[in-house]
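This note's numbering runs 99 ahead of the 1-based position in the sequence shown. Each remark here refers to the structure printed beneath this line.
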Amino acid sequence: MAYIFDTALNGRGAYAGKAYFFRDDRYVRYDWALDRADYGPFYVSGWNLPGAFTTGVDAALNGGAQHQGKAYFFRGDKYVTYDWNTNQGSDPGPLSQWNLPPSFASGIDTAIDGQGAYAGKAYFFKDDQYVTYDWATGQTEGPSPQSPWSLPGTFRRGVHAALNGEGAHQGKAYFFRGPQYVRRYWSTGAVQGPIHISAWNLRGAIGS
């Protein structure tokens, strides 16, 4: 199945209320209040990421606990730290620093931060499994089967991107696979979809 985009990330600080969708070496900015893309596509090089990260990323995640204000971009067995205040990316570091299990050491498909009762945790997905990461301790649990997430159909075999809703969409997690997505409520675990990605009103080659 073709990837419509590689990953998505919510803005922080001066960029709050926006989300960023990445595909290869380009990205578009999405406005949660407008429910549509409002900027782009533009080149990922504008993010000041190092080397191969400017040609594409596998996953992205905002930091929790003492890591708030940072974002993390993952590509293969490497990651970089991005500072929302300075708009600068760090040099690449090994994914092994995240204490992920061996089956995740070569790379991940996507990641998302927990909300509500799951705040303080991050979830890393690869194929049909996931790992729970504790922001306060840096410790992990898993891998575990993805089945507790109650995702439908082909989503059970893996997801390509994930993003938490903001604004009127707070409390919902969005999981993307190819041209479709599902909506999952953190409070109840209820899932809606699949729905075609055209509902996001993204631009250009991203989301088409």
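Using N, Cα and C, we set each Cβ at its ideal position, and we do this for glycine too.
Mind reading off the beta-carbon distance from residue i to residue j? Whole number of angstroms is fine, and I expect it under 8 Å.
{"i": "phenylalanine 254", "j": "arginine 276", "result": "5 Å"}
{"i": "serine 286", "j": "glycine 215", "result": "6 Å"}
{"i": "phenylalanine 223", "j": "tyrosine 217", "result": "Not quite, the Cβ-Cβ distance comes to about 14 Å (not below 8 Å), so this is no contact."}
{"i": "alanine 136", "j": "asparagine 300", "result": "6 Å"}
{"i": "aspartate 208", "j": "glycine 219", "result": "Not a contact, Cβ separation roughly 22 Å."}
Apart from the five residues on each side of it in sequence, which residues of its chain come closer than 6 Å, Cβ to Cβ, to residue i?
{"i": "glutamate 240", "result": "Thr231"}
{"i": "valine 290", "result": "Ser249, Val281, Arg283"}
{"i": "valine 258", "result": "Thr209, Phe224, Phe274, Arg276"}
{"i": "serine 246", "result": "none"}
Closer than 7 Å by C-beta to residue i: which residues in its own chain qualify, once you throw out the five before and the five after it? Chain order, please.
{"i": "alanine 151", "result": "Arg174"}
{"i": "asparagine 109", "result": "Ala118, Asn161, Leu262, Asn263, Glu265"}
{"i": "proline 278", "result": "Ile103, His295, Ile296"}
{"i": "alanine 235", "result": "Ala164, Gly219"}
{"i": "aspartate 134", "result": "Asn300"}
{"i": "aspartate 176", "result": "Pro193, Leu194, Ala204, Ser205, Gly206"}
Look at residue i and residue j and say whether their C-beta atoms are less than 8 Å apart.
{"i": "proline 244", "j": "aspartate 227", "result": "yes"}
{"i": "proline 191", "j": "proline 149", "result": "yes"}
{"i": "proline 201", "j": "arginine 302", "result": "no"}
{"i": "alanine 261", "j": "isoleucine 211", "result": "yes"}
{"i": "proline 251", "j": "phenylalanine 203", "result": "no"}
{"i": "glycine 116", "j": "alanine 132", "result": "yes"}
{"i": "tyrosine 114", "j": "valine 127", "result": "no"}
{"i": "glycine 168", "j": "asparagine 198", "result": "no"}
Tell me which residues share the same chain as residue i and place their Cβ nearer than 8 Å to its Cβ, disregarding the 5 neighbours each side in the sequence.
{"i": "glycine 155", "result": "Asp105, Phe121, Arg122, Asp123, Asp124, Val143, Arg174"}
{"i": "valine 179", "result": "Leu148, Pro149, Phe152, Tyr171, Phe172, Gly188, Ser189, Asp190, Pro191, Gly192"}
{"i": "arginine 256", "result": "Asp226, Asp227"}
{"i": "glycine 98", "result": "Because the chain is modelled from 100 through 307, residue 98 falls outside the range shown and cannot be assessed."}
{"i": "lysine 271", "result": "Asn263, Gly264, Arg282, Arg283, Tyr284, Trp285"}
With DSSP as the reference, identify every bridge partner of residue i, one or two as the case may be.
{"i": "tyrosine 276", "result": "Before going on, a small fix: residue 276 reads as arginine here, not tyrosine. Answer is Gln279, bridged to arginine 276."}
{"i": "valine 127", "result": "Phe120"}
{"i": "threonine 106", "result": "Phe121"}
{"i": "histidine 295", "result": "Gln279"}
{"i": "valine 230", "result": "Phe223"}
{"i": "asparagine 184", "result": "For asparagine 184, which the question treats as bridged, DSSP gives no partner whatsoever."}
Original post:
Three or more C-beta pairs closer than 8 Å, one from the stretch 178-194 and one from the stretch 138-149: is that the case here?
Top reply: yes
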